[in-house]
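Enquirer: Structure provided below as structure tokens; questions to follow.
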Amino acid sequence: MNRLINRLFNFTITVIFSVFTINCSSQEKPNPENEIIHLSEPKVDGSTSVEKAINERRSRRNLLEYEISLEHVSQLLWSAQGITKGDRFRTAPSAGALYPMEIYIVVGNVRDLKAGIYKYNPNLNILIRIYSGDVRKDLYKACLWQNFIEKAPLTIVISAVYERVTKKYGERGKIYVHMEAGHIGQNIYLQCESLKLGTVAVGAFLEDQVKSILKLKNDEVPIYIFPIGKYLIDD
Numbered sequence: 014m015n016r017l018i019n020r021l022f023n024f025t026i027t028v029i030f031s032v033f034t035i036n037c038s039s040q041e042k043p044n045p046e047n048e049i050i051h052l053s054e055p056k057v058d059g060s061t062s063v064e065k066a067i068n069e070r071r072s073r074r075n076l077l078e079y080e081i082s083l084e085h086v087s088q089l090l091w092s093a094q095g096i097t098k099g100d101r102f103r104t105a106p107s108a109g110a111l112y113p114m115e116i117y118i119v120v121g122n123v124r125d126l127k128a129g130i131y132k133y134n135p136n137l138n139i140l141i142r143i144y145s146g147d148v149r150k151d152l153y154k155a156c157l158w159q160n161f162i163e164k165a166p167l168t169i170v171i172s173a174v175y176e177r178v179t180k181k182y183g184e185r186g187k188i189y190v191h192m193e194a195g196h197i198g199q200n201i202y203l204q205c206e207s208l209k210l211g212t213v214a215v216g217a218f219l220e221d222q223v224k225s226i227l228k229l230k231n232d233e234v235p236i237y238i239f240p241i242g243k244y245l246i247d248d
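Anchor point for the sequence shown: position 187 equals 200 in the working numbering, and the numbering is continuous, going up by one each time.
Structure representation (structure tokens):
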């Protein structure tokens, strides 16, 4: 009887240890250093006036596949959601300063940045690579075959976590989220004008496919896409 009890005890301990090991191994691990890209500090004084950028803002679809610089990527991401004061204030207003947006980029042809999918961390001013490889063709299909998506060397994708706002403001919070997306979008447009780059706001896409390509979390919803690149002057 004692031998049987000992066997059962040892078996139980083995099972518990195995389950614990499996659970630990399945937890999200921190990214190795080579998957983190430190971005340059933003420029807060450019050569293009706000008035000039507003006047020249256009939706530009004749994007070219030419390489753009990592410095320009840094500046664009800062314009979208960068920190402007302390750790709370950002470049775009947010209802209750709740900041429901997450910013991703799809990279195809950026100097010193491998093709892939990256997530922007505004607090640390870094990019975290979440997938290596050129997914522009997949995104192009998910965006209903709009060819500038496939050509663009860079595409910014904005996703929203609605619950961050609705838990305070209820269903009306969804309206606030969409308003914030508009604020961010205009910032991207104006920053593109300042950098002599083109972009066009894209809202026509297959939500589930975009979510799958970017490997978004369950509570994230893609809501706005901005392909970015150099463009034909006569656009």
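Idealized CB from N, CA, C, for every residue including glycine.
Comparing the CB of E80 with every heavy atom of the ligand SAM, is any distance shorter than 8 Å?
Expert: Annotation note on the ligand SAM: not contained in the displayed structure, which lists no ligands.
Enquirer: Whole alpha helix (DSSP H) runs in the segment 68–111 with 4 or more residues, listed along the chain?
Expert: If we require 4 residues or more, the alpha helix (DSSP H) runs fully inside the segment 68–111 come out as 83–94.
Enquirer: For G95 and T104, I'd like the C-alpha separation in whole angstroms.
Expert: Numbered from its first residue, the sequence shown carries residue 95 at position 82. Numbered from its first residue, the sequence shown carries residue 104 at position 91. Between G95 and T104, the C-alpha separation is close to 6 Å.
Enquirer: If you follow the alpha helix (DSSP H) that K181 is in, where does it begin and where does it stop?
Expert: As a first step, residue 181 must be located in the sequence shown, where it is residue number 168. Element bounds for K181: 176–182.
Enquirer: Cβ atoms of I116 and L76: under 9 Å apart, would you say?
Expert: Along the sequence shown, read from residue 1 onward, the residue named residue 76 stands at position 63. Along the sequence shown, read from residue 1 onward, the residue named residue 116 stands at position 103. No, Cβ-Cβ distance for L76 and I116 is not below 9 Å.
Enquirer: When the Cα atoms are used, what is the spatial distance from Y237 to L245?
Expert: The residue given as residue 237 occupies position 224 in the sequence shown. The residue given as residue 245 occupies position 232 in the sequence shown. The straight-line gap from Cα to Cα measures roughly 23 Å.
Enquirer: Could you have a look at K243 and say whether DSSP puts it in helix, strand or coil?
Expert: Against the sequence shown, residue 243 aligns to sequence position 230. Coil at K243, not helix or strand.
Enquirer: At what residue ranges does the segment 110–166 contain a whole run of the alpha helix (DSSP H), taking only runs of 4 or more?
Expert: Runs of the alpha helix (DSSP H) inside the segment 110–166: 149–155, 160–164.
Enquirer: Return the CA-CA distance between N160 and S92, expressed in angstroms with no decimal places.
Expert: Translated into the one-based positions of the sequence shown, residue 160 becomes position 147. Translated into the one-based positions of the sequence shown, residue 92 becomes position 79. About 25 Å.
Enquirer: Taking the beta carbon of M114 as the centre, do at least 16 other beta carbons fall within 10 Å, making it buried, or is it exposed?
Expert: The sequence position of residue 114 within the sequence shown is 101, counting from 1. M114 should be labelled buried.
Enquirer: Who pairs with H51 in a beta bridge, going by DSSP?
Expert: To locate residue 51, count along the sequence shown from 1; it is residue 38. BP columns for H51 point to I139.
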